[in-house]
Amino acid sequence: MNYRNAQDIFPEQLLKQIQRYVSGETIYIPASEQKKKAWGESSGYRAYLAKRNQAIRDDFAGGFDIDSLADEYCLSVDSVKHIVYTKKETAMLEYNKTLSSALSYAKENKIDEWIHTYLLEDGRNVPFSDGLKLFERYYIGPVKMPLEVFHRCTGPEENMKYRIDKDWWPIHVAALEDSIKKDPDMPPLIVHYVEDDFELNDGNTRFQAYTNLGVKEVNVIVWITEEAEYQDFLKLYGKYVQGAPVIRR
């Protein structure tokens, strides 16, 4: 949920009329009744995947070997094998910005598709999505881990990597607390394990809301680039991820 200053949106006379009914409070303005697009339609990611996978099959049929295709399309060998040896595309899963949806994607070894769809449509973080596509990554989860092993990198404090307006921050956190109480099926946090530490890439406000609510464990998706760091992660946190979905894309 995004918050904008009403003074930047409404004409002065309309704002005065609104202030007669509510002032200094957070209000929700629902979207129009226009039919919501299916996942991937607005971002184009769904069409991109279908076109890419067909191109890989065509190249494979034309004589390219698996290793060459993996290099050409920046995918793992296992991913290419799955694409070229699958007789029929798995039916498109229904996307929602929820843990339940992420788990259904993970069950089909498609958690990376859920991540990109989430970042492009609901997370509104195209640079992060683009960055994740540059190299092969390990994606682990969603899996439940202790909240205390993570820490925020976004907030109003001076030591934060990404600073947020101090007036906006508590409003957003409070709204998320209410949302979690009403429906705990929130999207998993997305964290990067690097150099023996975690960077919370997505879900900093949810992290603070969970902290305020006294939540001890949260569902996360962990991504790791380097093989050595993946092995290090398993040594330190393997007990939390036993049986969790793991793919390399």
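In the working numbering, the protein residues as written are 155 to 403. Glycine included, every Cβ here is placed at the ideal spot set by N, Cα and C. In this text the structure is predicted, and so the values were computed from the model without any measurement.
DSSP, read as helix, strand or coil, puts Thr-308 in strand. With distances taken between CA atoms, Lys-370 lies nearest to Arg-360 out of Ile-378, Val-376, Arg-360 and Thr-379. The alpha helix (DSSP H) runs lying completely inside the segment 325 to 356 and spanning 4 residues or more number zero.
With at least 16 other beta carbons inside 10 angstroms of its own, Asn-358 counts as buried. Under the three-state reduction of DSSP output, Val-395 falls in the helix class. Per DSSP, Arg-360 lies in no beta strand (DSSP E); the unbroken alpha helix (DSSP H) holding it starts and ends at 358 to 367. In the three-state DSSP reduction, Lys-298 falls in the strand class (E or B).
Boundaries of the beta strand (DSSP E) around Ile-375: 371 to 378.
For Ile-401, there is no enclosing alpha helix (DSSP H); the residue is found in the beta strand (DSSP E) stretching over 400 to 402.
Within the same chain, Cβ atoms closer than 7 Å to the Cβ of Glu-331 are found at Ala-363, Asn-366 and Leu-367, the five residues on either side in sequence being excluded.
Beta-bridge pairing by DSSP links Arg-317 to Gly-309. Within the same chain, Val-297, Lys-298, Met-299 and Pro-300 come within 8 Å of Tyr-394 by CB-CB distance, once the 5 residues on both sides are set aside.
Pairing Thr-271 with Cys-307, the inter-Cα distance amounts to about 23 Å. For Tyr-227, DSSP assigns no beta-bridge partner whatsoever. Per the Cβ contact rule, the segment 282 to 293 is in contact with the segment 371 to 387 (3 or more Cβ pairs under 8 Å).
Around Tyr-316, the same chain offers Cys-307 and Thr-308 as residues with beta carbons nearer than 7 Å, after the five sequence neighbours per side are excluded. Our two residues, Val-348 and Asp-266, have alpha carbons roughly 19 Å apart in a direct line. Listed in chain order, the non-local C-beta contacts of Asp-319 below 8 Å within the same chain comprise Pro-310, local neighbours out to five positions each way being set aside. A straight line joining the alpha-carbon of His-346 with that of Ser-222 spans about 29 Å.
DSSP, read as helix, strand or coil, puts Tyr-202 in helix. For Tyr-292, DSSP records a beta bridge to Ile-378 and Arg-402. Comparing alpha carbon positions, the residue from Phe-352, Ser-283 and Lys-264 closest to Pro-399 is Lys-264.
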